[in-house]
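What follows is a short report on a single structure.
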Amino acid sequence: MIKTTPFHESLLDTHLVVDVRTPLEYEEDHLPGAINVPLLTNEERVEIGTIYKQTGPMEARRRGLNLTAHRFPAMVEAIARAAADRPILVYCWRGGLRSKTVVSILDLAGFDAVQLQGGHKAFRHLVLSSFEPFTPPAPLVVLHGMTGVGKTTFLLQLARAGHAVVDLEGLARHRGSAFGELGLRQDISQKRFETLLWDAFRRLPAGCPILLEGESRRIGRLTLPGNLYDVMRGSVKLWCEASVATRVARLTEEYGRPEYRDGMAGALERIRKKLGGDNYEAIKSHLDRWEMEPFMEGLIRHYYDKLYYKTRDWVEDAVISLEDFSSGERELNAFLASRPQAAV
9 MIKTTPFHES LLDTHLVVDV RTPLEYEEDH LPGAINVPLL TNEERVEIGT
59 IYKQTGPMEA RRRGLNLTAH RFPAMVEAIA RAAADRPILV YCWRGGLRSK
109 TVVSILDLAG FDAVQLQGGH KAFRHLVLSS FEPFTPPAPL VVLHGMTGVG
159 KTTFLLQLAR AGHAVVDLEG LARHRGSAFG ELGLRQDISQ KRFETLLWDA
209 FRRLPAGCPI LLEGESRRIG RLTLPGNLYD VMRGSVKLWC EASVATRVAR
259 LTEEYGRPEY RDGMAGALER IRKKLGGDNY EAIKSHLDRW EMEPFMEGLI
309 RHYYDKLYYK TRDWVEDAVI SLEDFSSGER ELNAFLASRP QAAV
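According to this note's numbering, the sequence shown holds residues 9 to 352 in order.
Right under this line is the structure:
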């Protein structure tokens with residue numbers, strides 16, 4: 009009998025986690041830190057599934073053995089190199105034959121290997137249940153502010169200073185605005201986003217308020233899982249502000265790259281109706297001439313700020329100036345010190 013175990017978080021820190029599913033399954037989502045050593049190729053899995061449906065499990069197993077037996081030595085060698093004397097946790101889709109086969113081979117080769125009960129399916133259930141309902145490990149402090157004030161840059165500075173930070177836009181690979189995908193590829197699945205988010209929360213330093221940026225329920229084409237959005241709306245809110253000139257400068261620095269030009273034109277076209285004809289033509293003319301400062305200022309005044317004020321339906325707990333990030337950090341620290349209920 010091979011060894012099996014239910015999932016618990018400590019396994020991610022003590023074991024080499026091996027995903028033996030196909031590359032496509034792995035790409036869609038996988039356990040944090042897992043390496044992919046597939047037993048079957050994408051095409052072979054489809055073939056085995058077809059045989060299973062048409063002729064039954066025994067024929068499918070025989071075909072699977074014929075397809076994979078020659079790979080066993082190389083798989084063991086690859087896993088052994090990555091393990092570096094750590095115990096090995098192996099999983100497949102739902103704790104079935106694929107992971108059982110690999111654990112059996114590793115056991116025969118003398119390695120300390122264990123099969124994950126329920127496989128990736130059980131892990132997915134754990135991730136989803138952690139957000140339904142979501143109970144944060146510490147109070148949330150949500151940073152809001154107009155586009156261009158520098159909330160993401162500020163959060164990254166806070167993370168480097170030792171604060172507990174969850175970068176929602178970084179995990180989603182999208183800046184959460186009409187131009188939010190410029191320079192990024194939001195090529196991750198909803199499942200992958202949820203796993204990354206679950207892992208980000210579990211890795212936070214204990215006992216610290218959790219800082220994150222205010223977002224809508226959707227970031228690009230991804231959705232905040234469970235009731236996380238509602239928890240954020242009910243949490244402490246800080247309003248981050250900066251002058252229009254500072255915002256224009258920061259947006260120009262972030263987006264004013266020639267390789268973004270076509271993407272900017274496409275994004276501008278998508279908000280054409282919201283801008284109105286005259287505003288659209290004026291802003292587009294700045295883009296055509298690559299006049300980034302007036303282009304960004306036009307977007308701020310005629311699109312971003314109007315949209316933000318239209319959708320804002322809450323009152324902030326404090327205001328922080330981000331004209332200078334270092335002074336903003338001091339203001340934040342002073343606020344947290346004055347609000348112990350937000351800092352424990």
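Using N, Cα and C, we set each Cβ at its ideal position, and we do this for glycine too.
Counting other Cβ atoms within 10 Å of its Cβ, residue 310 reaches 16 or more and is therefore classed as buried. For residue 96, the enclosing beta strand (DSSP E) stretches over residues 96-99.
Excluding sequence positions up to five before and after residue 109, its CB lies within less than 7 angstroms of the CB of 47, all in the same chain and listed in chain order. Put simply, of 26, 33, 124 the residue whose alpha carbon is nearest the alpha carbon of residue 42 is 26.
A direct Cα-to-Cα measurement between residue 244 and residue 61 gives close to 54 angstroms. Straight-line measurement puts the Cα of residue 121 at about 33 angstroms from the Cα of residue 174. Per DSSP, the unbroken beta strand (DSSP E) holding residue 27 starts and ends at 24-27. Setting aside the 5 residues that flank it on each side, residue 287 is surrounded in the same chain by 310, each with a C-beta closer than 6 angstroms to its C-beta; the list follows chain order. At a Cβ-Cβ threshold of 8 angstroms, residue 126 and residue 102 count as neighbours. Taking a 10 Å sphere around the C-beta of residue 123, we find 16 or more other C-beta atoms and assign the residue as buried.
Residue range 127-138 is occupied by the alpha helix (DSSP H) that includes residue 128. In summary, residue 153 is buried, with 16 or more beta-carbon neighbours lying within 10 Å of its beta-carbon over all protein chains present.
DSSP, read as helix, strand or coil, puts residue 235 in coil. Per DSSP, the beta-bridge partners of residue 123 are 12, 98.
If you look at residue 250, you'll find it isn't in any beta strand (DSSP E); DSSP assigns it neither H nor E. Between residue 20 and residue 210, the alpha-carbon positions lie close to 11 angstroms from each other.
A straight-line Cα-Cα distance of about 6 angstroms links residue 247 and residue 151.
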